[in-house]
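Take the sequence shown: its position 161, counting from 1, is numbered 160 in numbering that gives the first Met the number 0, and each next residue is one higher.
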Amino acid sequence: MMILQVNQLSKSFGADSILTNIKLEVRSRDRIAIVGRNGAGKSTFLKIIAGRLSYEKGDIIKPKDLTIGYLDQHSGLDSKLSIKEELLTVFDHLKAMEKEMRSVEEQMAHAAPDKLESLMKTYDRLQQEFKDKGGYQYEADVRSVIHGLGFAGYDDSARVQDLSGGQKTRLALGKMLLTRPDLLILDEPTNHLDIDTLTWLEQYLQNYSGAILIVSHDRYFLDKVVTQVYEISRSRSKKYSGNYSDYLKLKAEQLEKEMKLYEKQQDEIAKLQDFVDRNLARASTTKRAQSRRKQLERMDVMDKPLGDEKSASFRFDIARQSGNDVLRVQDLTVSYKDQPPLLRSLYFQISRGESVALVGPNGIGKSTLLKTLIQKLKPLTGTISTGSHVSIGYYDQEQAELHSSKRVLDELWDDYPGMNEKDIRTCLGNFLFSGDDVLKPVHSLSGGEKARLALAKLMLQKANFLILDEPTNHLDLDSKEILENALIDYPGTILFVSHDRYFINRIATKVFELSPEKVEEYLGDYDYYTEKKAQQLELKALEKQNTDEQSKPDTDKAKTKRSYEEEKEWKRKERQRQRRIDEIETRITAIEETIEQNEELLCEPGIFQDHEKVQEINSENERLNNELEHLLSEWETLSTEE
């Protein structure tokens, strides 16, 4: 069912056109990604749909009772309540109903017989309404969100107002999820989330009952969640079916096809023009030449396919190769700003040519460890040794190395006064700073622009050991790919922190998992790391089961064996149930697309004038709608089974 339709929408800021004739269709349970470069207008488009911004032209059509939840990428909460109390405010209406039910119960206990029947009917109605609205489930939902978004370890008295900006944004996301609107609009929901939380959010959104509209620069996340992609480029939109990887493939295929058609037409035009030029003046061939010229005039000439917009272009070189031993850490204890130690007795080493991803939950101390390694923070105990000829280049996720009062040009030139202005401008041009952009003050730059400027400074260092703290933050998908390729070709050594799993997969040759008292090493990329972690969890579960088995009396062992067989059978049925749900969802998507195509066909003059064809299409739509109804019913039944 269509829940929102955007037709020919246009938006400008002053003389600059941001969006032009944008189209979008959202059906119930759609999972749609809006992608495009930084500054393309993605966030503006979401704000318009959410009713936060006006627009000049076009229509937004939606039912009056449609509920929309919108999470801005800078959203946050400011409250004196505790974390749990703040989340529970979503269910104030249920708590009021619960209070009313308790009141009716009390009245029933002391009611006269002639009043009791009326009170019982009232109570039954309230109880059913309470159940239908999730009254017996909401506290479990709150606990699930608290655990899933990483707040489980917080004290019950922890106040919202004492959280960091990133934590407040995460809590705002949790509150939005609990409201369960018909259309959930999320602008960069993966910011400030660690890998475990991202995994939980993916699973939550996959099972979400409403439609979802997402802007995100996390490719792994988009591949897991979305089934449609709308690209906004050069102020216009284009729809692609499938997840983000499908979109990249379809876009490349479409561009190749359009380029071939364009080149074929250009060859035809050249041949026709050549014939006209050679034969127009000759009496014997002038009529044929005139015919070719008319053919040229009538031809609908294709524009050359524009392809991708201009991308950043850079590579990281080194001034000198380091020795084989790059970094050795022994018995390192780390703290932050006179706080109790975050990390204790750490041992690890990094060799030349390795690319090491440092992973761990938010707050564990990853950024603090990096700052200690580059001597911005002093360790409490232990030693940090670098090898021969090691030169370190550091990228700070907060861009604290940039000077907000300087111009973009001077930010580089002051560090490299020996370079001439032309070379500095060329370097900045490679990072998409051109013309008057280089004269902007640093404080006026967007997050993505500051990230590119920091990378430009890092490139000019020519260091042979790069230490990178969240280098993909604020970068759009295209810029991320350019950075990945530059790091893959980099001849030095890399240690980096990132929550971007796709980025880790492409860059890492080794993963360090950080915990308060050790660094555990995994010799592979992110997929290898997750596979090994899963194996370790299985082994621990088996060891616990064996220990429990050995401690049980013989009379209990037969029961344990039976329960094991029952568990095995339950898991088999659960896999079958999940496979069937996946099959149904795939079929539902295909049916909805077919119905939509048929409805478009019925609008074509050649079709609606053909009564037999109209009847045939209507019959097919009726059959498909019946099948859709049965599938949705089966899907609901399977989804509620436990």
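Positions of the beta carbon are idealized from the N, C-alpha and C atoms, including for glycine.
Quantities reported herein were computed from a predicted structural model and do not represent experimental measurements.
Item: Evaluate the contact criterion for the segment 331-344 versus the segment 371-385: three or more CB pairs, one atom per stretch, below 8 angstroms.; Value: yes
Item: By Cβ distance, which residues of its chain are closer than 7 angstroms to Tyr-207, with the 5 residues on each side in sequence left out?; Value: Leu-183
Item: How would you label Gly-417, buried or exposed, when you count the other beta carbons within 10 angstroms and need 16 or more for buried?; Value: exposed
Item: Buried or exposed for Gly-164, please, with buried defined as at least 16 other CB atoms from any protein chain shown within 10 angstroms of its CB.; Value: exposed
Item: With Thr-88 as the anchor, note down where its beta strand (DSSP E) starts and where it stops.; Value: It is not in any beta strand (DSSP E) - Thr-88 carries neither H nor E in the DSSP assignment.
Item: Quick check: does the Cβ of Thr-88 come within less than 7 angstroms of any heavy atom belonging to the ligand COA?; Value: Here there are no bound small molecules, and the ligand COA is not part of this structure.
Item: With C-beta atoms as the reference, is Met-301 less than 8 angstroms away from Leu-260?; Value: yes
Item: How is the beta strand (DSSP E) around Gly-392 delimited, first residue to last?; Value: 391-394
Item: With distances taken between CB atoms, is the gap from Tyr-239 to Val-228 smaller than 8 angstroms?; Value: yes
Item: Grab the span of the alpha helix (DSSP H) containing Glu-621 for me, first residue to last.; Value: 610-639
Item: Mapping the DSSP letters down to three states, classify Ile-594 as helix, strand or coil.; Value: helix
Item: Mind listing, in chain order, the continuous alpha helix (DSSP H) runs of no fewer than 4 residues lying wholly within the segment 410-480?; Value: 420-429, 446-460
Item: If you follow the beta strand (DSSP E) that Phe-495 is in, where does it begin and where does it stop?; Value: 492-496
Item: What residue does the alpha helix (DSSP H) around Glu-603 start on, and which one ends it?; Value: Segment: none, Glu-603 is in no alpha helix (DSSP H) and carries neither H nor E.
Item: For the beta strand (DSSP E) containing Asp-58, list its first residue and its last residue.; Value: 56-60
Item: What does DSSP give as the partner residue(s) for Tyr-239 in the beta ladder?; Value: Val-228
Item: What did DSSP end up calling Asn-6 once you bin it into helix, strand or coil?; Value: strand
Item: Can you give me the Cβ contacts of Phe-90 inside the same chain, cut-off strictly under 7 angstroms, excluding the 5 residues immediately before and after it?; Value: Tyr-137
Item: Is the segment 405-423 close to the segment 353-370, with three or more CB pairs under 8 angstroms?; Value: no
Item: Between the segment 23-37 and the segment 210-225, can you find at least three pairs of beta-carbon atoms closer than 8 angstroms?; Value: yes
Item: Tell me, which residues are paired with Ile-184 by DSSP?; Value: Tyr-69, Leu-212
Item: Have a look at Phe-150, Gln-72, Thr-121, Glu-565 and flag the residue whose alpha-carbon is nearest the alpha-carbon of Ser-215.; Value: Gln-72
Item: Should Ala-462 and Ser-390 be called a contact, given that it needs their Cβ atoms to be closer than 8 angstroms?; Value: yes
Item: Could you give the uninterrupted runs of the alpha helix (DSSP H) lying entirely in the segment 34-58, keeping only those of 4 residues or more?; Value: 41-48
Item: For Ser-81, which residues does DSSP report across the bridge?; Value: Arg-158
Item: Whose C-beta lies closer than 7 angstroms to the C-beta of Ser-344 among residues of the same chain, with five residues either side of it excluded?; Value: Asp-330, Thr-332, Glu-516
Item: Which residues in the same chain as Ser-81 place their Cβ atom closer than 7 angstroms to its Cβ, once the five residues preceding and following it in sequence are excluded?; Value: Asp-155, Ser-156, Ala-157, Arg-158
Item: Suppose you measure from the CA of Asn-620 to the CA of Leu-212; what does that come to, to the nearest Å?; Value: 27 angstroms
Item: Is the Cβ-Cβ distance between Leu-379 and Pro-340 less than 8 angstroms?; Value: yes
Item: Considering only the alpha carbon of each residue, which of Lys-167, Thr-19, Glu-483, Ile-17 lies closest to Lys-79?; Value: Lys-167
Item: Can you tell me which of the three DSSP states Ala-356 falls into?; Value: strand
Item: So, with DSSP's three-state summary, where would you put Leu-345?; Value: strand
Item: Which same chain residues end up closer than 6 angstroms to Asp-58 when comparing Cβ atoms and leaving out the 5 residues on each side of it in sequence?; Value: Asn-6
Item: Between the segment 470-482 and the segment 170-181, are three or more C-beta pairs nearer than 8 angstroms?; Value: no
Item: Output yes or no for whether 8 angstroms exceeds the beta carbon distance between Asp-524 and Ile-503.; Value: yes
Item: Who are the near neighbours of Tyr-501 in its chain, counting only those whose CB is closer than 6 angstroms to its CB and skipping five residues on each side?; Value: Arg-218, Tyr-219
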